[in-house]
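Since the structure comes first, as structure tokens, the remarks are kept for the end.
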Amino acid sequence: MGHLDHAAFGWLTPVLSYVMACIGAALGLRCTMRALAATGHARRNWLLTAASAIGTGIWTMHFVAMLGFAVSGTDIRYDVPLTVLSLLVAMLVVCGGVFAVGYSRDRTRALLLGGLTTGCGVASMHYLGMAAVRLHGQVHYDPLRVALSVLIAVVAATAALWAGLNIKSPLAVTVASLVMGAAVSSMHYTAMFAVRVHVTPSGEALPGATAMQFIFPLAVGLGSYLFITAAFVALSPTAGERAASASAQRPVESVAP
0 MGHLDHAAFG
10 WLTPVLSYVM
20 ACIGAALGLR
30 CTMRALAATG
40 HARRNWLLTA
50 ASAIGTGIWT
60 MHFVAMLGFA
70 VSGTDIRYDV
80 PLTVLSLLVA
90 MLVVCGGVFA
100 VGYSRDRTRA
110 LLLGGLTTGC
120 GVASMHYLGM
130 AAVRLHGQVH
140 YDPLRVALSV
150 LIAVVAATAA
160 LWAGLNIKSP
170 LAVTVASLVM
180 GAAVSSMHYT
190 AMFAVRVHVT
200 PSGEALPGAT
210 AMQFIFPLAV
220 GLGSYLFITA
230 AFVALSPTAG
240 ERAASASAQR
250 PVESVAP
């Protein structure tokens with residue numbers, strides 16, 4: 000059995016992946032707060048931004064962490080279509096959960112259903128990303144750790160949706176995003192510790208792209224998207240600020256003598 004290294008670059012990839020998960024969570028919470036204070040197209044647009052931020056953050060966290068994944072005795076490649084599909088799955092399932100909470104009248108039911116669906120979707124994204132791994136050998140999983148990783152994903156997703164509904168202050172958003180980032184990272188590494196690889200030495204070239212050829216540029220691009228979105232959210236006025244501005248611009252009615 001090949002020796003698995005989950006941090007081939009030391010603490011760099013775990014810390015950086017945690018930071019990306021926290022940024023995605025913080026952006027998602029801020030956008031969800033904006034959405035719940037808006038109506039019509041504005042609510043839909045904010046919810047889409049929230050879903051893309053959280054989904055991108057989770058996916059980027061996963062594959063930044065995967066940059067540090069190595070197996071002794073074999074190279075590792077990634078199937079490009081499957082990897083891209085895992086990104087789409089992450090965004091779609093998060094979008095479904097966020098919209099369920101953003102538009103449902105029975106928010107408790109939407110929270111539970113959205114958390115279950117989103118959590119299972121996030122876990123599916125992870126294992127779909129693992130299915131994209133190409134190496135000389137066979138990959139096996141510990142069923143108990145797989146089940147635990149799915150449970151962590153469901154709890155983390157439910158907590159994220161609950162936070163989007165209930166958290167208002169910037170300090171609370173910061174704390175919640177740190178906790179959510181830790182939960183997402185825990186899900187990832189729990190799932191990775193479920194992996195067992197039986198290496199079959201071979202001189203054949205592996206299909207797919209290396210992490211540095213494909214994963215790293217894509218992760219950098221998505222990370223840049225998160226930072227640009229963060230700047231957009233920070234500079235966009237809140238509903239209260241727009242209302243105050245509109246009130247200040249109203250002409251003062253003249254008082255009759």
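In this text, residue positions in the sequence shown follow our numbering: the first is 0, and each later residue adds one.
Don't be surprised by glycine CBs; every beta carbon is placed ideally from N, CA and C.
Given the structure is predicted, the values throughout are model-derived calculations rather than measurements.
Just to confirm, is the Cβ distance from residue i to residue j under 8 Å?
{"i": "F68", "j": "H125", "result": "no"}
{"i": "A89", "j": "A99", "result": "no"}
{"i": "A162", "j": "L28", "result": "yes"}
{"i": "V63", "j": "L15", "result": "yes"}
{"i": "A50", "j": "V97", "result": "yes"}
{"i": "L66", "j": "I214", "result": "yes"}
{"i": "L164", "j": "R106", "result": "yes"}
{"i": "L81", "j": "A130", "result": "yes"}
{"i": "M186", "j": "A152", "result": "yes"}
{"i": "L205", "j": "R76", "result": "yes"}
{"i": "C30", "j": "V172", "result": "no"}
Please name the residue in the options whose C-alpha comes closest to that of residue i.
{"i": "A52", "options": "L87, M211, I214", "result": "L87"}
{"i": "A155", "options": "I214, I57, V138, G128", "result": "I57"}
{"i": "T189", "options": "G95, A37, A122, L47", "result": "A122"}
{"i": "L91", "options": "G118, A204, R104, D78", "result": "G118"}
{"i": "L134", "options": "V145, T73, T157", "result": "T73"}
{"i": "C195", "options": "A204, V149, R144, T59", "result": "Before going on, a small fix: residue 195 reads as Arg here, not Cys. Closest by alpha carbon: R144."}
{"i": "T59", "options": "P13, A146, V172", "result": "P13"}
{"i": "L47", "options": "S184, R104, G95", "result": "G95"}
{"i": "G120", "options": "R42, T157, M191, T209", "result": "T157"}
{"i": "S85", "options": "V132, G9, R104", "result": "V132"}
{"i": "M191", "options": "V219, D78, H61", "result": "H61"}
{"i": "S235", "options": "N44, L11, T209", "result": "N44"}
{"i": "D78", "options": "A7, V219, S223, T209", "result": "T209"}
Under the assumption that residue i contacts residue j (Cβ atoms under 8 Å), give the Cβ distance between them as a whole number of angstroms.
{"i": "R197", "j": "G136", "result": "In the sequence under discussion, the amino acid at residue 197 is His, which differs from the Arg named in the question. Contact flag correct, Cβ pair sits at about 5 Å."}
{"i": "L262", "j": "V93", "result": "Outside the shown range of the chain (0 to 256) lies residue 262, about which nothing can therefore be said."}
{"i": "A229", "j": "L26", "result": "6 Å"}
{"i": "L170", "j": "T55", "result": "Rounded, the Cβ-Cβ distance is 24 Å, inconsistent with contact."}
Please classify residue i: is it buried, with 16 or more other beta-carbons within 10 angstroms of its beta-carbon, or exposed?
{"i": "I227", "result": "exposed"}
{"i": "Y102", "result": "exposed"}
{"i": "P216", "result": "exposed"}
{"i": "M32", "result": "buried"}
{"i": "G207", "result": "buried"}
{"i": "P200", "result": "exposed"}
{"i": "M211", "result": "exposed"}
{"i": "H139", "result": "exposed"}
{"i": "G202", "result": "exposed"}
{"i": "V149", "result": "buried"}
{"i": "G9", "result": "exposed"}
{"i": "S184", "result": "buried"}
{"i": "P256", "result": "A caution first: P256 carries a pLDDT of 49, below 50, which makes its placement in the model unreliable, though a value can still be read off. That one is exposed."}
{"i": "A7", "result": "exposed"}
{"i": "A146", "result": "exposed"}
- Message: Tell me whether the region 170-181 and the region 15-33 touch, counting them as touching only if at least three CB pairs, one residue from each stretch, are closer than 8 Å.
- Response: Put simply, the region 170-181 touches the region 15-33. At least three CB pairs are less than 8 Å apart.
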